[in-house]
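J.: Take a look at this one; I'll ask things after.
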Amino acid sequence: MLGADMEISIDKSTEVEYPVLPEIKNRRSKRAYAATPVREETIRSLFEAARWAPSSMNEQPWVYIYAVADNHEVWNKIFDSLNDSNKIWAQHAPLLVVSLARKTQLRNGVINGAAKYDVGAANALLSLQATHAGLNVHQMGGYSKQMLISNLNIPETHEPVVVMAIGYPGDPESLNDNLKVRELAPRERYTQDFFVHTKSF
Ligand SMILES: Cc1cc2nc3c(=O)[nH]c(=O)nc-3n(C[C@H](O)[C@H](O)[C@H](O)COP(=O)(O)O)c2cc1C
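Under our numbering, the first residue of the sequence shown is numbered 6, with each subsequent residue one higher.
Take a look at the structure:
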């Protein structure tokens with residue numbers, strides 16, 4: 006086991022090592038948002054991308070609740086559940102989306118062990134569709150599950166997964182110094198050597 010005091014050295018890179026789709030290369034979780042609202046038709050194309058995600062036994066266990074900033078009531082109900090560190094920047098997002106997993110299978114009521122995995126896949130497609138449309142999606146696990154459930158009356162049958170702040174990218178200068186540095190830093194990833202193998206463990 007690696008203790009907190011033990012340094013691990015894993016190669017990282019800020020470059021794409023092999024060719025990928027521009028949407029994959031250009032996606033990033035930004036924090037500065039422009040005030041420009043996101044049109045309903047554009048929002049619907051994000052959910053359409055999610056709709057066509059693969060899922061275990063085609064159960065499609067994803068459920069979304071969204072609020073544009075004009076929908077003050079629902080937007081605030083979602084926003085209020087966010088951690089303070091997310092509220093700082095997410096307050097400017099013109100669109101907030103809650104992704105939920107339906108816990109049981111529609112066909113037989115049995116627990117769906119793949120539900121959250123499938124919601125993640127749907128969110129990934131949604132994020133890439135958003136990037137294609139010039140939008141930024143920033144997923145957040147930093148929220149109070151209890152508050153979100155209470156604010157939105159989420160039933161026992163459903164579990165919140167991530168909240169997403171969505172909007173057109175804004176000016177990094179609008180962020181505080183700390184967030185500005187993170188916004189402008191190159192994205193970094195472990196190199197494939199670390200996680201792709203052709204041998205057993
Ligand atoms: C499940 C999940 C939870 C996350 N929670 C937060 C969060 O609460 N606050 C935040 O600022 N970013 C959050 N992120 C964004 C990650 O920090 C980000 O995806 C990661 O640093 C890689 O950066 P990139 O998306 O720009 O490539 C979350 C991402 C995921 C997938």
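Don't be surprised by glycine CBs; every beta carbon is placed ideally from N, CA and C.
With 16 other CB atoms within 10 Å as the buried threshold, where does residue 163 fall?
T.: Flag for residue 163 reads buried.
J.: Are there any heavy atoms of ligand 1 lying less than 8 Å away from the beta-carbon of residue 139, as far as the coordinates show?
T.: Every heavy atom of ligand 1 is 8 Å or more from the Cβ of residue 139, so no.
J.: With a threshold of 7 Å on Cβ separation, who are the neighbours of residue 191 within its own chain once the five nearest residues in sequence on each side are excluded?
T.: Here the set comprises 19.
J.: Quick check on DSSP: helix, strand or coil for residue 228?
T.: Here the chain covers residues 6 to 206 and nothing more, so residue 228 does not appear.
J.: I'd like the list of long-range same chain contacts for residue 71, defined as Cβ closer than 6 Å, with 5 residues on each side in sequence excluded.
T.: Here the set comprises 102.
J.: With H, G and I counted as helix, E and B as strand and the rest as coil, what does DSSP make of residue 108?
T.: The answer is coil: DSSP assigns residue 108 none of H, G, I, E or B.
J.: In the DSSP assignment, find the beta strand (DSSP E) that holds residue 169 and state where it starts and stops.
T.: Where residue 169 is concerned, the enclosing beta strand (DSSP E) stretches over 163–172.
J.: Classify residue 15: buried if its beta carbon has 16 or more other beta carbons within 10 angstroms, exposed otherwise.
T.: That one is exposed.
J.: Could you compute how far the alpha carbon of residue 198 sits from the alpha carbon of residue 17?
T.: If I take the Cα positions, the gap works out to 10 Å.
J.: Mapping the DSSP letters down to three states, classify residue 97 as helix, strand or coil.
T.: It is coil, neither helix nor strand.
J.: Is residue 13 helix, strand or coil when you go by DSSP?
T.: Note: residue 13 maps to coil in three-state DSSP.
J.: Would the beta-carbon of residue 131 fall within 9 Å of that of residue 51?
T.: Yes, the pair counts as a contact, with Cβ atoms nearer than the cut-off.
J.: Let me make sure I understand the geometry here. Which of 159, 181, 90, 73 has the alpha-carbon closest to that of residue 217?
T.: Absent from the structure is residue 217, since the part of the chain shown begins at 6 and ends at 206.
J.: Cβ of residue 152 within 8 Å of any heavy atom in ligand 1?
T.: No, Cβ of residue 152 sits at least 8 Å from all heavy atoms of ligand 1.
J.: Output the distance between the C-alpha atoms of residue 133 and residue 124, rounded to the nearest integer angstrom.
T.: Going by the C-alpha atoms only, they are around 14 Å apart.
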